[in-house]
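**Q**
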Amino acid sequence: MLALRRSKDRGYAHQGWLESWHSFSFADYHDPAHMHYSVLRVLNDDRIAPNSGFGTHPHQDMEILTYLLEGSLEHRDSMGNGSVIQAGEVQRMSAGSGITHSEFNPSESDPVHLLQIWILPDRRGRTPEYEQKKFLPEERRGRFCLIASPDGRDGSLTIHQDVRIYASILGGG
14 MLALRRSKDR GYAHQGWLES WHSFSFADYH DPAHMHYSVL RVLNDDRIAP
64 NSGFGTHPHQ DMEILTYLLE GSLEHRDSMG NGSVIQAGEV QRMSAGSGIT
114 HSEFNPSESD PVHLLQIWIL PDRRGRTPEY EQKKFLPEER RGRFCLIASP
164 DGRDGSLTIH QDVRIYASIL GGG
């Protein structure tokens, strides 16, 4: 059953360099009523302070999407990928059998605002993969833009699960 959950009712963590709002139980935030929604395990709304970020850390058997709302984020991983994700871009990292990566806000003055979404894959032990795409504001303004799907249709990222993720920029009112 779907239920409205107000933003203020989410879990909150502040670690100095990171402010994070958790829709589901994550790290030190535990809420038995909000553990996950089907295969959706994490929906975090993060703000990373300037010149800060996540050091190298591992993931396994998870589809991880990072959707940049404001700022830019440097990414490096054990597959040799190194990129800068800009506002409006979405990164997909299929952790599969195992990957390590880091994420860093290179700005001297501006925080990064992002959504991090974790989805269980359709099977364990896949070969790790990386993909990044930009979705223009005009593709999202006033309509739903497919940003992730199992088959990569309509220019979306390819995710290893029977889910479709849409983004939109909605007008006020």
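Residues in the sequence shown are numbered from 14 upward in steps of one, following this note's numbering.
Note that beta-carbon positions come from the ideal geometry of N, C-alpha and C, so glycine has one too.
If you're wondering where the values come from, they're calculated on a predicted model, not measured in any experiment.
Taking only three categories from DSSP, how would you classify S51?
**A** Coil.
**Q** Name the DSSP beta bridge partners of W34, please?
**A** Looking at the DSSP assignment, W34 forms a beta bridge with Y25 and D58.
**Q** Check whether the Cβ atoms of Q104 and L78 lie closer than 8 Å to each other.
**A** In this structure, L78 lies closer than 8 Å to Q104 by Cβ.
**Q** Please report the residue range of the beta strand (DSSP E) in which E83 lies.
**A** Where E83 is concerned, the enclosing beta strand (DSSP E) stretches over E76 to E83.
**Q** DSSP beta-bridge partners for L128?
**A** In the DSSP output, where bridge partners are listed per residue, L128 has D58 and Y80.
**Q** Can you tell me which of the three DSSP states E152 falls into?
**A** Helix.
**Q** Within 10 Å of its beta-carbon, does L15 have 16 or more other beta-carbons around it, so buried, or fewer, so exposed?
**A** Exposed, since its Cβ has fewer than 16 Cβ neighbours within 10 Å.
**Q** Starting from V176, follow the beta strand (DSSP E) in both directions and report where the run begins and ends.
**A** Per DSSP, V176 belongs to no beta strand (DSSP E) and is neither H nor E.
**Q** Under three-state DSSP, which class holds D167?
**A** Helix at D167.
**Q** Starting from M106, trace the beta strand (DSSP E) both ways and give me its first and last residue.
**A** Looking at the DSSP string, the run of the beta strand (DSSP E) that includes M106 is E102 to S107.
**Q** Taking 6 Å as the limit between beta carbons, can you name the residues of its chain near N57, skipping five residues before and five after?
**A** Cβ neighbours of N57 beyond the five flanking positions: S33, H35 and Q129.
**Q** Going by CA-CA distance only, name the one from L31, W30 and S38 that's closest to R23.
**A** Residue S38 is the option with its Cα nearest to R23.
**Q** Leaving out five residues before and five after L149 in sequence, what residues of the same chain have Cβ atoms less than 8 Å from its Cβ?
**A** Answer for L149: G101, listed in chain order.
**Q** Work out the CA separation of M48 and Q217 for me, nearest whole Å.
**A** The shown model of the chain, from 14 to 186, leaves out residue 217, and the question about it has no answer.
**Q** Measuring CA to CA, which of M75, L183 and Y179 is closest to E142?
**A** Cα-wise, what sits closest to E142 is M75.
**Q** For G84 and D123, which I take to be in contact (beta-carbon distance under 8 Å), what is that distance rounded to the nearest angstrom?
**A** That belief holds up - the Cβ atoms of G84 and D123 are roughly 5 Å apart, short of 8 Å.
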